[in-house]
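Trainee:
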Amino acid sequence: MLTPEQIKENWDTFLNVIEEYISSDRADKLIEFYTQHEERFALMPASHKAQYHNCFPGGYIDHVLRVVNAALKLDNVWREIGMVDTYTIEELVFSAVNHDLGKFGTEEQASYIEQTDQWRRDKLNETYMFNDRLEYMTVPDRGLHLLYSLGIVPTKNEMLAIKLHDGLYDDSNKPYLMSFSPETKPRTSLVFVLHQADLMAARIEFETEWLPKLLGEKKEEPKKQTNNFKLTNSANKQKALKKLANPALAELMKNI
Ligand SMILES: [Fe+2]
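Counting in this note's numbering, the sequence shown runs from 1034 upward without gaps.
1) Beta-carbon within less than 6 angstroms of Gln1039's beta-carbon, same chain only, minus the 5 sequence neighbours each way: which residues are those?
2) Measuring CA to CA, which of His1132, Ser1214, Trp1152, Tyr1202 is closest to Asp1174?
3) Would you kindly work out how many angstroms separate the C-alpha atoms of Met1034 and Pro1090, rounded to a whole number?
4) Look at Asp1108 and Ile1122 and say whether their C-beta atoms are less than 9 angstroms apart.
5) Between the segment 1175-1193 and the segment 1135-1143, do at least 3 Cβ pairs fall closer than 8 angstroms?
6) What are the complete alpha helix (DSSP H) segments, minimum 4 residues, inside the segment 1196-1248?
7) Out of Gly1115, Val1097, Leu1063, Phe1047, point me to the one whose CA is closest to Leu1227's CA.
8) According to DSSP, which residues form a beta bridge with Ile1146?
9) Secondary structure at Gly1092, three-state DSSP: helix, strand or coil?
10) Report yes if the CB atom of Thr1241 is closer than 9 angstroms to the CB atom of Asn1190, and no otherwise.
11) Can you pull the DSSP bridge partners for Gly1138?
12) Quick check: the Cα distance between Phe1047 and Val1126, rounded to an integer number of angstroms?
13) Would Ala1129 and Val1101 qualify as a contact pair, given that the criterion is a beta-carbon distance under 9 angstroms?
14) Could you spell out where the alpha helix (DSSP H) holding Val1186 opens and where it closes?
Written as structure tokens, this is what we have:
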């Protein structure tokens, strides 16, 4: 679980990441959309079942920030090992920021709503349930549809990375990922870097929550996330600092 302060801090960091890494035409549209639905996004869980990852208020943004952080670090590892340069850092961060956007639902209907069945709340510890007013769509399809309908056009690399971010856990990705012919393999490693980042984040979220329970240990307070984002452009940094409503966070970010 996250404290209200952590939820607020994550939200500010989320907006700053968009502002820092994404070009202004797309960043402005993203920030406008996300802030329009600030309460929904800031409080959304990453999943609607306790057995899945980050199923608590603020879990979605917490997960997305962990994926951005992991993606930036994995990008360095891949480059060090010899990856051919086939994507930009903006494409990496854009894909990470929006990879699970489909979990939002639509502007009218949230995907995850409060569980109304008291028996399921009591016996199965379910806080949320899936909103069946929503037409079925996979998370990547819904996220991409939202982006296109908002006029925020992903590049081809970003579209493929978001579409395929579940890797081979999603059978429908097989034609893209199980090709044995060089001509039909993905031509960008962005797809694999984002999938690894998502896998790493979800695994760590599982370990943090479940390993102490499974091993019968006392649950520790959640560790404060260290995202290590670098606001490298000083103009952007000043702009981002001005937008911070939280004075303590603004002070902290002056030093990074
Ligand atoms: Fe994810």
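The beta carbon of each residue, even a glycine, is placed where N, CA and C say it ideally should be.
As the structure is a prediction and not an experimental result, all values here were calculated from the model.
Mentor: A quick look at the data gives this:
1) Taking the sequence shown and counting its residues from 1, one reaches residue 1039 at position 6. Closer than 6 angstroms at Cβ, skipping near neighbours: no residue.
2) Position 141 of the sequence shown, counting from 1, holds the residue named residue 1174. Taking only the C-alpha atoms, the option nearest Asp1174 is His1132.
3) As a first step, residue 1034 is located in the sequence shown; it is residue number 1 there, counting from the start. As a first step, residue 1090 is located in the sequence shown; it is residue number 57 there, counting from the start. Roughly 7 angstroms separates the two Cα atoms.
4) Your numbering for residue 1108 matches position 75 in the sequence shown. Your numbering for residue 1122 matches position 89 in the sequence shown. Yes, the pair counts as a contact, with Cβ atoms nearer than the cut-off.
5) yes
6) 1207-1210, 1223-1247
7) Stepping through the sequence shown from its first residue, residue 1227 is reached at position 194. It is Val1097.
8) Position 113 of the sequence shown, counted from the first residue, corresponds to residue 1146. In the DSSP output, where bridge partners are listed per residue, Ile1146 has Met1162.
9) Within the sequence shown, the letter at position 59 stands for residue 1092. If DSSP states are grouped into helix, strand and coil, Gly1092 belongs with the helices.
10) The count along the sequence shown starts at 1 and reaches residue 1241 at position 208. The count along the sequence shown starts at 1 and reaches residue 1190 at position 157. No, they are not a contact pair.
11) Against the sequence shown, residue 1138 aligns to sequence position 105. Bridge partners of Gly1138: Ala1143.
12) For the purposes of this step, residue 1047 is identified with residue 14 of the sequence shown, where counting begins at 1. For the purposes of this step, residue 1126 is identified with residue 93 of the sequence shown, where counting begins at 1. One C-alpha to the other measures close to 11 angstroms.
13) By 1-based counting over the sequence shown, the position of residue 1129 is 96. By 1-based counting over the sequence shown, the position of residue 1101 is 68. In this structure, Val1101 lies closer than 9 angstroms to Ala1129 by Cβ.
14) As a working mapping, residue 1186 is identified with position 153 in the sequence shown. First-last for Val1186: undefined, no H or E at that position.
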